[in-house]
Amino acid sequence: MKILTKAAFFAAKPGKGEALGARLLALVEPTRSELGCLRYDIHRSDEDEDSWFVYENWATQDDFDAHMRTPYVQSFMAALPDLCTDGVTIHTAYRLTSNFAPR
1 MKILTKAAFF AAKPGKGEAL GARLLALVEP TRSELGCLRY DIHRSDEDED SWFVYENWAT
61 QDDFDAHMRT PYVQSFMAAL PDLCTDGVTI HTAYRLTSNF APR
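Sequential numbering of the sequence shown, starting at 1, is according to the working numbering.
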């Protein structure tokens, strides 16, 4: 199975890092219960507290598209101009390997 990976990057406006993080974390529980969501994790940079990213795995592009149409994601996206300097940058990839075991 080809797994869809999305990495969404956010840069909070000065003083908005905590608010952005709270909004991102509020997405976790409902998103993880969605059909096709395989992984949904929020990360904050260790070097820049205003830099956040979401790492997501989805079964299909249709599942991700449905996620983006949910009311809670639409509400979050509408809040981005107040919270972020440049909105969101989303990168898409497909996982080519599984069961990776580091040496």
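Using N, Cα and C, we set each Cβ at its ideal position, and we do this for glycine too.
Spatial neighbours of residue 76 within its chain, please: C-beta separation below 7 Å, excluding the five flanking residues on both sides.
One-based indexing of the sequence shown puts residue 76 at position 76. The answer, listed in chain order, is 23 and 27.
In the DSSP assignment, find the unbroken alpha helix (DSSP H) run with residue 142 in it and report its ends.
The requested residue 142 does not occur in the structure, where the chain is confined to residues 1 to 103.
With 16 other CB atoms within 10 Å as the buried threshold, where does residue 18 fall?
Numbered from 1 along the sequence shown, position 18 holds the residue referred to as residue 18. Residue 18 counts as exposed, since fewer than 16 other C-beta atoms from the protein chains shown sit within 10 angstroms of its C-beta.
If you check the beta carbons only, do residue 63 and residue 29 fall under 9 Å apart?
Numbered from 1 along the sequence shown, position 63 holds the residue referred to as residue 63. Numbered from 1 along the sequence shown, position 29 holds the residue referred to as residue 29. Not in contact: residue 63 and residue 29 (Cβ atoms no closer than 9 Å).
Three-state secondary structure (DSSP) at residue 19?
Sequence index remark: in the sequence shown, residue 19 carries index 19 (1-based). Reduced to three states, the DSSP call for residue 19 is helix.
Express the C-alpha separation of residue 37 and residue 31 in angstroms, rounding to a whole number.
In the sequence shown, counting from the first residue as 1, residue 31 sits at position 31. In the sequence shown, counting from the first residue as 1, residue 37 sits at position 37. Approximately 7 Å, taken between the alpha carbons.
Please say whether residue 9 and residue 73 have beta carbons closer to each other than 9 Å?
Here residue 73 corresponds to residue number 73 of the sequence shown, with the count starting at 1. Here residue 9 corresponds to residue number 9 of the sequence shown, with the count starting at 1. Here residue 73 is not near residue 9, since their CB atoms are 9 Å or more apart.
Just to confirm my understanding: we take residue 2, look at its own chain, exclude 5 residues before and 5 after, and list those with CB closer than 7 Å. What are they?
Numbered from 1 along the sequence shown, position 2 holds the residue referred to as residue 2. If we look at residue 2 and ignore the five residues flanking it on each side, its Cβ neighbours are 94.
If distances are taken between C-alpha atoms only, which option among 58, 49 and 47 comes closest to residue 41?
Here the question's residue 41 lines up with position 41 in the sequence shown. It is 58 whose Cα lies nearest to the Cα of residue 41.
Would you decide whether residue 43 is buried or exposed? Buried here means 16 or more other CB atoms lie within 10 Å of its CB.
As a first step, residue 43 must be located in the sequence shown, where it is residue number 43. Within a 10 Å sphere around the beta-carbon of residue 43 sit fewer than 16 other beta-carbons, which makes this residue exposed.
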